[in-house]
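What follows is a single structure, written as structure tokens, with notes after it.
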Amino acid sequence: VSRSSKYQPKTGNLRKKTQVVIDNPLPQSSNSNDPVTELRSWLSNNDDNKGELTDQPFSNERLSSEEVITIQELLWSVHKDHILEERSEEMQEKILTIDTATGTVEMP
246 VSRSSKYQPK TGNLRKKTQV VIDNPLPQSS NSNDPVTELR SWLSNNDDNK
296 GELTDQPFSN ERLSSEEVIT IQELLWSVHK DHILEERSEE MQEKILTIDT
346 ATGTVEMP
């Protein structure tokens, strides 16, 4: 018995496929503010007790594809800034130091 399928997987822009997967299927809350604005506000809050991102009401909102891209760029920017701040000494010295179970390893 021969099995043939008319389905042909599409190749190309994986970013578009990722956007579809990231879109949250949860219903949009009628009393919520813009999730991007809420995220920016949460990220700018320097309070150590602000809670986990996943516990915030806006983190369960349905997102448009444009909002997904904006949020990805925003989170990446915050991550990049954090790395630059936390690891600037290593970057200036051009030596990466890693603590492992067997000791400290330095990589030039």
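Residue numbers (the working numbering): 246 to 353.
Heads up, the beta-carbon is just placed ideally off N, CA and C, and yes, glycines get one too.
The model shown is predicted, which means the values in this text are computed figures rather than measured ones.
- Within a 10 Å sphere around the beta-carbon of proline 353 sit fewer than 16 other beta-carbons, which makes this residue exposed.
- Valine 281 and glutamate 312 do touch by the CB rule: their CB atoms are close to 6 Å apart, below 8 Å.
- Note on glutamate 306: 16 or more other CB atoms within 10 angstroms of its CB, so buried under the neighbour-count rule.
- Look at threonine 347 here: in three-state DSSP terms it is coil, with no helix or strand label.
- Within the same chain, and ignoring the five residues on either side of lysine 339 in sequence, the residues whose Cβ sits closer than 7 Å to its Cβ are Pro353.
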